[in-house]
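See structure below.
What follows is the structure, encoded as structure tokens:
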């Protein structure tokens, strides 16, 4: 198992040090169970947890396209989550597809993305981004309040020092994406 290098700005037991190519498929269940225990929020910070969820969405969502091109994460504002995500995906593959990260994509590049993350500090561009990608099978993720009711698919919410995905299934299905039952069991479903 290859272990990603540790960024010394993060705690010694950073997520980047724990995630390897073979761990990702079951990491989501470990995250959910470990971080629901008291005191566990002290091991990893909110930024690391959000990045781990983003990384694992690549394994728990199915896209209606051939698996011939690179898997592309897109993120805005080079947020702290984007920095951690960059370290997590460095040299990794999803279903034998190399993973790339595109920061601050222009609208013409959005259709190439598989997952688009819009951090809270970029709420001002949310409507524009969602409008550009409406016709494409792209998973949209954010921590913006009420994101799922504004057309987004997955909101990462923090409750009781715990990260939980809130999934709007109608928005996901409209984009012709499918969500694994494992992810659904660990998420809250929005209507």
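In the numbering used here, the protein residues as written are 1 to 191.
Using N, Cα and C, we set each Cβ at its ideal position, and we do this for glycine too.
Nearest Cα to residue 75 within the set 159, 109, 168: 109. Boundaries of the alpha helix (DSSP H) around residue 170: 169-174. Looking at the DSSP output, residue 73 bridges to 101, 115. Rounded to the nearest angstrom, the Cβ distance from residue 85 to residue 54 is 5 Å, consistent with a contact under 8 Å. In the DSSP annotation of this structure, the continuous segment of the beta strand (DSSP E) that includes residue 142 starts and ends at 139-142. DSSP, reduced to helix, strand and coil, places residue 122 within a helical segment of the structure shown. In the DSSP annotation of this structure, the continuous segment of the alpha helix (DSSP H) that includes residue 185 starts and ends at 181-185. Note that the C-beta distance between residue 166 and residue 57 is not below 9 Å. Listed as beta-bridge partners of residue 155 by DSSP are 142, 166. Sixteen is the threshold: when 16 or more other Cβ atoms of the shown chains lie within 10 Å of the Cβ of residue 82, as they do, the residue is buried. Within its own chain, the residues whose Cβ lies closer than 6 Å to the Cβ of residue 73, once the five positions on either side in sequence are excluded, are 101, 115, listed in chain order.
Taking all protein chains shown into account, residue 131 has fewer than 16 neighbouring C-beta atoms within 10 Å of its C-beta and is therefore exposed. Distance between residue 91 and residue 71, taken at the CA atoms: about 12 Å.
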